[in-house]
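In this note's numbering, the protein residues as written are 6 to 188.
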């Protein structure tokens, strides 16, 4: 992790390269119209019947990966078919902004995703409002996490929220930042 005074590599690349390329493509009238990544939300669901040590392990692994303490999410309603009562833990989530967000995205793009076996790229489908969500099925692709034998792997969702008005602009922003989309 870098200090607070140091600009992350991906943020520097965004400011120096991506902004000018997006401006060439879309000819924005105002600097504030150029799309930017506002936040990244990491969410991992956990089995509500899991023991407390598993929940703490999930929180610890997520915090190692993102560099920030996650928040425990709890069920809002009771659902008898799932043996779920209101207030039971159902997952952990963390919202990244600023330098931590850029550092996480850089590690995800440059280190973690290339570590996936037979990686073909991530889906090109955005949500229609300029946001992008994809799943990571195994958290051991991150070098910060050491997985012990016999321990199950952890999956989580990554949501990248942009200020873009359309999916086309958001796709171009993410493509220029280096997100490896499928061909």
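C-beta atoms are modelled at their ideal positions from N, C-alpha and C, and glycine is treated no differently.
Looking at residue i and the ligand MG, is the gap between the Cβ and the nearest heavy atom below 7 angstroms?
| i | result |
| --- | --- |
| residue 42 | As far as ligands go, the structure on display features none, and thus does not contain the ligand MG. |
Exposed or buried, which one is residue i when buried takes at least 16 other CB atoms within 10 Å?
| i | result |
| --- | --- |
| residue 148 | exposed |
| residue 146 | buried |
| residue 93 | exposed |
| residue 134 | exposed |
| residue 16 | buried |
| residue 159 | buried |
Under the assumption that residue i contacts residue j (Cβ atoms under 8 angstroms), give the Cβ distance between them as a whole number of angstroms.
| i | j | result |
| --- | --- | --- |
| residue 71 | residue 97 | So it is not a contact: roughly 11 angstroms between Cβ atoms. |
| residue 168 | residue 41 | 5 angstroms |
With a Cβ-Cβ cutoff of 8 angstroms, do residue i and residue j count as a contact?
| i | j | result |
| --- | --- | --- |
| residue 120 | residue 166 | no |
| residue 164 | residue 45 | yes |
| residue 161 | residue 141 | yes |
| residue 85 | residue 91 | no |
| residue 69 | residue 128 | no |
Tell me where the alpha helix (DSSP H) around residue i begins and ends.
| i | result |
| --- | --- |
| residue 136 | Run containing residue 136: none in the alpha helix (DSSP H); it sits in the beta strand (DSSP E), 136–141. |
| residue 25 | 24–31 |
For residue i, which three-state DSSP category applies?
| i | result |
| --- | --- |
| residue 66 | helix |
| residue 186 | strand |
| residue 18 | helix |
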